[in-house]
Amino acid sequence: MQVTKISLSGLSGLKELPPLSLYIHFPWCVKKCPYCDFNSHEFKPVPGAITIQAADNVGRSRVGDGFDEMAYVEALLRDFEYSLPAIWGRPITTIFMGGGTPSLFSPEAMDALLAGLRARARIHPDAEITMEANPGTFESERFKGYRAAGINRLSIGIQSFDPRQLKALGRIHDGDEARRAVEIALTHFDNVNLDLMYALPNQTLAEALADIDTAIGFGVTHISAYHLTIEPNTLFAVQLPANLPDDDISADMQEAIEARLEGAGYVHYETSAFGQPGRFARHNVNYWQFGDYVGIGAGAHGKISSHEGVVREMRYKQPAAYLQAIADGNPVQTSHKVGRKELPFEFMMNTLRLTGGFETRLFSERTGLPVSCIQSQLRQAQAEGLIEQDLTHLRPTLKGQRFLNDLLTLFLHDEGEN
Numbered sequence: 007m008q009v010t011k012i013s014l015s016g017l018s019g020l021k022e023l024p025p026l027s028l029y030i031h032f033p034w035c036v037k038k039c040p041y042c043d044f045n046s047h048e049f050k051p052v053p054g055a056i057t058i059q060a061a062d063n064v065g066r067s068r069v070g071d072g073f074d075e076m077a078y079v080e081a082l083l084r085d086f087e088y089s090l091p092a093i094w095g096r097p098i099t100t101i102f103m104g105g106g107t108p109s110l111f112s113p114e115a116m117d118a119l120l121a122g123l124r125a126r127a128r129i130h131p132d133a134e135i136t137m138e139a140n141p142g143t144f145e146s147e148r149f150k151g152y153r154a155a156g157i158n159r160l161s162i163g164i165q166s167f168d169p170r171q172l173k174a175l176g177r178i179h180d181g182d183e184a185r186r187a188v189e190i191a192l193t194h195f196d197n198v199n200l201d202l203m204y205a206l207p208n209q210t211l212a213e214a215l216a217d218i219d220t221a222i223g224f225g226v227t228h229i230s231a232y233h234l235t236i237e238p239n240t241l242f243a244v245q246l247p248a249n250l251p252d253d254d255i256s257a258d259m260q261e262a263i264e265a266r267l268e269g270a271g272y273v274h275y276e277t278s279a280f281g282q283p284g285r286f287a288r289h290n291v292n293y294w295q296f297g298d299y300v301g302i303g304a305g306a307h308g309k310i311s312s313h314e315g316v317v318r319e320m321r322y323k324q325p326a327a328y329l330q331a332i333a334d335g336n337p338v339q340t341s342h343k344v345g346r347k348e349l350p351f352e353f354m355m356n357t358l359r360l361t362g363g364f365e366t367r368l369f370s371e372r373t374g375l376p377v378s379c380i381q382s383q384l385r386q387a388q389a390e391g392l393i394e395q396d397l398t399h400l401r402p403t404l405k406g407q408r409f410l411n412d413l414l415t416l417f418l419h420d421e422g423e424n
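Using our numbering, the first residue of the sequence shown is number 7, and each one after it goes up by one.
Rendered as structure tokens:
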């Protein structure tokens, strides 16, 4: 597909700043899954304890033997302080705690973290505060404590309720533990997402739908259904699982899952996300609408806009290196100002994941560029049946959703241009 040039005539600059979120990364997990390419690191717990007091200060941590949860919380708060000049006065509308496995941290640690954040910045009183959790770390009193600390949404990495599939995916929980985790979550939280995967080794269409039906039966507010993807630098990339469904069977699974969830009242609002009306993931929607987010914690990414443009940052990935960088006073490993010719692709890469697309005015508001600079790309996309637009909105067609990479390629800039 031909890449067309993007015209930047009439560049106007950002006139207002987008909503601001906060992402917090917890890099430790009990076991690294063979499909996972996230920044996660196994730890070896002391018998009878979740955390290990293994550091005298935030600059030293015996990563690999364990972690000191309160030292990491202190590091996160210091990291956040370094970010404050770039976001001063802006309210934080959502918080997402991802990993790794954040639920390895105690309710007391989470309470200290959230209290520290509230003391340092303005957190919206109705902020959505999500924590990821894995079924292997569930117990009722622990999750009651998370709710009391202020966490109001859980995202549980179920992946499957089928014990055979869980074993193939290298998960530490079985099907019964997965069901019990959802029951515990719903005892304390009224806003729960379940992550599920499909196109798994030896999986049939009926088995994929059985997982979806089980999730629907719990009545959770949100379900995410992801196609298993073989990512570089994972064990599955080195040792490809046998008997993965072919493209036709995977496509049948995707269509059947979408139909089953929509039939149960879940709105398919993003590529892999389905929510009950009014219960979309507000944090993720801010990402997809090209909003801003501070990223703190080992390997966390951030995107911050100012009237001068958009900057992306990444923290040091290795926990020990991150903790040392905090002690040295600069946790940011890389910082990159997004070039003007990169902005259309970056904007579209996010917003076109939304099945309902976006209001056309949002392009100028979030990039500082006039929509006229991408008119040739929009005309080509429309001619190829990948998008549809009216006077106020632009959205991907069903074909555009299925061939999203082809659609996004239209907005790539020529290499070597600034």
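Idealized CB from N, CA, C, for every residue including glycine.
Following the continuous beta strand (DSSP E) through residue i, name the residue where it begins and the one where it ends.
i    : result
A231 : H228 to H233
P402 : H399 to P402
F280 : A279 to G281
A270 : Taken as a continuous stretch (DSSP letters only), A270 belongs to no beta strand (DSSP E), as it is neither H nor E.
N199 : V198 to Y204
Y299 : D298 to I302
A133 : I129 to A139
Q245 : Looking at the DSSP string, Q245 is not in any beta strand (DSSP E), and its letter there is neither H nor E.
L160 : R159 to Q165
Of the choices the options, whose alpha-carbon is the least far from that of residue i?
i    : options                   : result
E319 : T193, A257, G303 and A327 : G303
S166 : I157, R177, G156 and L384 : R177
A243 : D43, P24 and C35          : D43
E80  : A205, H47 and L120        : L120
L23  : I310, Y272 and D117       : I310
P251 : L26, I236 and I218        : I236
G156 : M203, F102 and F296       : F102
G269 : G281, E348 and Q330       : G281
S312 : A133, D168 and T373       : T373
A262 : A214, H419, R367 and F409 : A214
F409 : H419, M355 and E371       : M355
By Cβ distance below 7 Å, which residues in the same chain neighbour residue i in space, the five residues on each side in sequence not counted?
i    : result
I190 : F144, S146 and F149
E87  : R126
A115 : E75, M76 and V79
D258 : L211
P337 : D85, Y88, R321, Y322, Y328 and A331
To the nearest angstrom, how far is it from the Cα of residue i to the Cα of residue j?
i    : j    : result
G122 : A154 : 15 Å
I229 : G223 : 12 Å
L192 : N411 : 37 Å
N45  : V198 : 24 Å
L400 : T415 : 17 Å
S67  : D334 : Only weak support exists for where S67 lies, its pLDDT of 31 falling under 50; the coordinates are left without a value.
L28  : Q260 : 31 Å
L20  : P113 : 40 Å
I255 : H31  : 35 Å
G37  : Y232 : Gly is not the amino acid found at residue 37; the sequence shown has Lys there. So the alpha carbons of these two residues sit roughly 20 Å apart.
S341 : R321 : 9 Å
P207 : N292 : 33 Å
P33  : G105 : 5 Å
I56  : D117 : Model confidence at I56 stands at a pLDDT of 37, short of 50, so the residue's coordinates are unreliable; what they give is reported in the following sentence. If you take the alpha carbons of I56 and D117, they lie about 16 Å apart.
P402 : Q388 : 9 Å
V300 : G308 : 5 Å
F286 : T366 : 21 Å
Q383 : V377 : 11 Å
N158 : Q386 : 43 Å
G95  : E352 : 26 Å
Mapping DSSP to helix, strand and coil, what is residue i?
i    : result
L410 : helix
I332 : helix
V36  : coil
G105 : strand
T357 : helix
K173 : helix
L375 : coil
E237 : coil
Y41  : coil
S370 : helix
D62  : Its pLDDT being 31, under 50, D62 is placed unreliably in this model, and the value from its coordinates should be taken loosely. It is coil, neither helix nor strand.
K21  : coil
Q339 : strand
Taking the alpha helix (DSSP H) that residue i falls in, what are its first and last residues?
i    : result
Y152 : S146 to A155
H274 : First-last for H274: V273 to E276, but that is the beta strand (DSSP E), not the alpha helix (DSSP H).
T220 : L211 to F224
T193 : G181 to H194
Q386 : Q381 to A389
Skipping 5 residues on each side, what residues in its chain have a beta carbon closer than 6 Å to that of residue i?
i    : result
G163 : N140 and D201
H130 : P97 and T99
R170 : none
F111 : E75
For residue i, I'd like the list of residues in its chain whose CB is within less than 8 Å of its CB, leaving aside the five on either flank, ordered along the chain.
i    : result
L172 : Q165, S166, H179, D180, G181 and A184
D219 : R266
H274 : E264, L267, E268, F280 and T361
Taking 8 Å as the cut-off, is the beta-carbon of residue i closer than that to any non-hydrogen atom of the ligand FMN?
i    : result
I101 : As for the ligand FMN, it is missing from this structure, which has no ligand bound.
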